[in-house]
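Written out below as structure tokens is the structure these notes cover.
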Amino acid sequence: MDIIDIKGLKKNYALGSTTVHALRGVDLTIAKGDFMSIIGPSGSGKTTLLNVIGCIDNATEGSVKVSGREITKLNDREITSMRLHHIGFIFQTFNLIPVLDTLENVEFPLLLMRKLSKQDIRKRAEKLIEEVGLREYIKHRPAELSGGQRQRVAIARALVTNPDIVLADEPTANLDSVTGEQILNLMKEMNRIENTTFIFSTHDANVLKYARSVVKIRDGLIVKEA
Amino acid sequence: MNFLFTISIRNLFRQRRRSILLGSAIAIGTAVLVLANAFAHGISEVLFNEIVSYVSGHVSVSFTKGGNANNQVFHDGARIREIINKRVPNVKRVDEAIGVFARAIGNAKADNVILVGMDPSGDGVDEKEAEKLAKNFKELEGHFADLADTTVENPVCLAQEKAKTLNVKLHDVVRVRFTDIRGQTQAARLTIVCIMKPSNVFMAAPVYLHIKTVKRLLGYSSNDVPQLYLSIENPRKDAKRFADSLHAGLNPPLAVIDGQLSVHGSGVEVTLLSLRTDSASLALVDSAMKFSARTAADSVNPKKAVIISESLSKITGLQPDDTCTISYEGKFGDEPGGARLIVTAIAAAGSGIDGQVVLVNERDFYKTFYDVWPKSTVAVNGPFRPDTEIGIYKAFGGEWLLAPRSRTTRDVMKLYREIAQKGWKAIVVDVGSMYETASMVLNLEYALNMITAACVMVLFFIILIGVVNTLRMTIRERTREIGTIRAIGMQCVDVRNSFLIETGLLALISALSGTALAFVTMFGLSQLTFKTDANPLGMLLVDGHIFFAPTVLAVCFFIMLIVGIAVVTAYFPARHAAKLSAAEALRHFE
Ligand SMILES: Nc1ncnc2c1ncn2[C@@H]1O[C@H](COP(=O)(O)OP(=O)(O)O)[C@@H](O)[C@H]1O
Ligand SMILES: [Mg+2]
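Chains as they are written, first to last, in the working numbering: chain U, 419 to 644; chain R, 2 to 591.
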């Protein structure tokens, strides 16, 4: 079953008096449980595509279905709730909340959900921190962690809500190659354990070996699917 | 919700410098506000509870007899008290008040003093009042209560400073000279039974005697009352209202004297009415009355002049220039009242006063009337009662004259000038509330409240500018963070609320610290002792100390106000931050 179904997606940005065509008609389906890489040079539209899929940016034209729901028609409240419940994010710059420690950062999305009890939230967060190998760093603030450790926290945070999809926009771009590989291995491992769909973008062909499927993008258009 | 608080508090600590800066501004503003308010309230407490209630009462009834401001007497005290009880519910206390200027001679030293009467153990002086009295008049030597000692000749209590200027000690005698209510100069010996230290310089000037002693010295009889000062439960709310109501109740009835007119040994029942002699009344007499002999002006103005009706002239045979005597029953005591009068005119039939009536010029009428208060009243039938419809009715005098309600101290002063100039013969009754009698003093409270209001305005702008700027910087710095939490799934309103909580918490903590600072400052300032004798503002001090009266209500209100202003000010920047597009915010780099 396809977890993502995109048809004729266009995205324009107004830049002063000109219009930037960041996506120029993308058709794409992604199967549940996939571990997909979107590769393309800088400025090709990777971030834009992930943002649209991740419901943090809206499409100019076309249809985008995430988990069977047409997201282009939702209002802000619904789309925010959609992000919270169905999507996890991993950012290139880690984007942890600096005033919260590891445990609190991971608990944060669950607290927003207001569904589980305090104990359940704690249990779930600790389990994920354990899985990303940061048990010793549970009380550390982001500033006290290395880049790789921060990205592990981000992975735990992205997965803690049990989302349908995790979107990672160049997750290794700010890491050295060894740490980057560890992170991709971890993501792959999580993909296996939790059976969560992962989509990550990269401009580095070296990381393609981790991907189960690859989409090549150039100038806002998909040039090759494999 | 809980974790929003956690994040907010931690964010406040994160930008410590900025928080401390804005927080200090708010705290200092709050401290000034609380301080100014407590000071203003403290002063008004002193004004209302100490000075005003001693100096003028919350509501006062004053009497001026014969246009003489020193002649403060009303001869039917029970009647006035009855009206007060009916018109002023829950009156706490009604104090008789007399203040008379006198020349005092101590041991080879003399000074001007004011003889003030008081009753330290009178009706309505409860435990709390007594306590307050003890606080306001600190006994140094002797006892205040000895003012009531009847074994001592005219016991008196005076302030330490006064004793010094008169060079007298406890048990010494002070000789005083003063004018009594009949206008006669009197001398008396006062025995010092108490030397005290008043809490307020204002209260150091007079010498205090028991009200009964002063009344006796000044020649008040047992039915006479001096000025009455009313203390009420809630003066600020009720003083004006009660004064108005009391004023309405003090509308005087028409003055009548029902008595016996004797001519050549035979008697006729007649009613005496007072005929006013101001020009308006005289004009009324001229136009409304037909005279069979002489005219109004020369009928009214001569001494002891009376106008009688034609019918009375017929019954008695009285003609102009005839003399007659009147005698009548008094309300108090056995002594009858009476007067010898000379007929100056006879009013023709059709004047509206056909009957057994004698119109007496007001000067002679009131002299008789107040000398022996008559038993008769207009409410009870008598030989003659005028029809209220007749043209001349307005020229008849009442039992007293009710002064119109003054609205300011200036009005009051004008009224008393007028009383002195016009030489009204009837006793002028004036009802005042502290708002007029002490309006000068109250203006001070108003000014202080304006200062407080100005503090609020300044504080408002501090908060406005401070909060808006701080939030702007904060939001700019945290743009990517906002993008992150929005991407993770925090709702727009929650983002906005987290900023509001952050600002509100800062304002609350600052306001609380500011309040604490204010209290510390107040404590410090109230420890200072000021020398009061030289300073006219000393009257606003209590025992030489600045008096602060913060109220829980006001402090809570200010704290809420400040937090409120801060949160409202933060609303728009916070909403702006929350409405940022997540994608845009995440792309933001600084
Ligand atoms: N907010 C924006 N305003 C204007 N142009 C934008 C904006 N965001 C992206 N673009 C443009 O859209 C194109 C695609 O950008 P992006 O998706 O960020 O590419 P990538 O992530 O592959 O580097 C680029 O040319 C970029 O300059
Ligand atoms: Mg990009």
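Note that beta-carbon positions come from the ideal geometry of N, C-alpha and C, so glycine has one too.
Query, Result
"Beta-carbon gap between Leu502(U) and Ile483(R) smaller than 8 Å", "no"
"Classification of Gln569(U) by the beta-carbon crowding that lies within 10 angstroms, buried from 16 upward", "buried"
"Residues near Gly505(R) in its chain [Cβ-Cβ closer than 8 Å; skip 5 each side]", "Val564, Ala567, Val568 and Ala571"
"Distance CB(Ile27(R))-CB(Ala508(R)) smaller than 8 Å", "yes"
"heavy atom of ligand 2 below 7 Å from Lys464(U) C-beta", "yes"
"Neighbour list for Ala448(R) in chain U, Cβ cutoff strictly below 7 Å", "The contacting residues do not exist; Ala448(R) stays about 48 Å from chain U at best."
"Against chain R: residues of the segment 475 to 499 of chain U by CB proximity under 8 Å", "Asp475, Asp494, Arg495, Thr498 and Ser499"
"Whole-Å CB distance - Val484(U) paired with Ile471(U), under 8 Å assumed", "7 Å"
"Segment contact flag, the segment 525 to 539 of chain U with the segment 607 to 624 of chain U, C-beta cutoff 8 Å, min 3 pairs", "no"
"Nearest-angstrom Cβ-Cβ length linking Leu472(R) and Phe500(R), presumed shorter than 8 Å", "7 Å"
"The segment 243 to 255 of chain R / the segment 401 to 411 of chain R touching (three or more Cβ pairs under 8 Å)", "yes"
"Cβ-based contacts, 8 Å cut-off: residues of the segment 489 to 502 of chain R near chain U", "Ile489, Gly490, Met491, Gln492, Cys493 and Asp495"
"Separation of Leu218(R) from Val307(R), as counted between CA atoms", "36 Å"
"Burial state of Arg277(R), where buried means 16 or more other Cβ atoms lie within 10 Å", "buried"
"Chain-ordered chain R contacts of Phe507(U) [CB-CB under 7 Å]", "Ala488 and Ile489"
"Check: Val438(U) C-beta below 7 Å from any heavy atom of ligand 1", "yes"
"For Ile474(U), the three-state DSSP class (helix, strand or coil)", "coil"
"Reduced DSSP secondary structure (H/G/I, E/B, other) of Ala289(R)", "helix"
"beta-carbon Glu585(R) near ligand 1 non-hydrogen atom, thresh 7 Å", "yes"
"For Gly398(R), the three-state DSSP class (helix, strand or coil)", "coil"
"Minimum C-alpha distance to Asp323(R) - residue among Phe333(R), Gly339(R), Pro337(R) and Lys305(R)", "Lys305(R)"
"Residues near Ile502(R) in its chain [Cβ-Cβ closer than 8 Å; skip 5 each side]", "Leu5, Phe6 and Ser9"
"For Leu285(R) and Ile393(R), the rounded distance between their alpha carbons", "6 Å"
"8 Å Cβ cutoff met for His621(U) and Pro459(U)", "yes"
"Minimum Cβ-Cβ distance from Phe4(R) to chain U less than 8 Å", "yes"
"CA-to-CA distance, Arg487(R) to Gly443(U), given in whole angstroms", "27 Å"
"Distance cut-off 7 Å: Tyr628(U) Cβ against heavy atoms of ligand 1", "no"
"Reference Ala579(R), options Arg495(U), Ser631(U), Val571(U) and Leu468(U), closest by Cα", "Arg495(U)"
"Exposure of Met454(U), with buried meaning 16 or more beta-carbon neighbours within 10 Å", "buried"
"Buried versus exposed call for Thr345(R) [16 or more other C-beta atoms within 10 Å across all chains shown]", "buried"
"Arg576(R) at chain U interface by Cβ criterion, 8 Å", "no"
"Ile193(R) and Asp173(R) closer than 8 Å at C-beta", "yes"
"Any non-hydrogen atom of ligand 1 within 7 Å of Gly461(U) CB", "yes"
"Neighbour-count burial assignment, Pro387(R), 16 or more Cβ in a 10 Å radius", "buried"
"Segment limits, beta strand (DSSP E) that includes Asn362(R)", "Val358 to Asn362"
"Closer than 7 Å: Leu446(U) CB and nearest ligand 1 heavy atom", "no"
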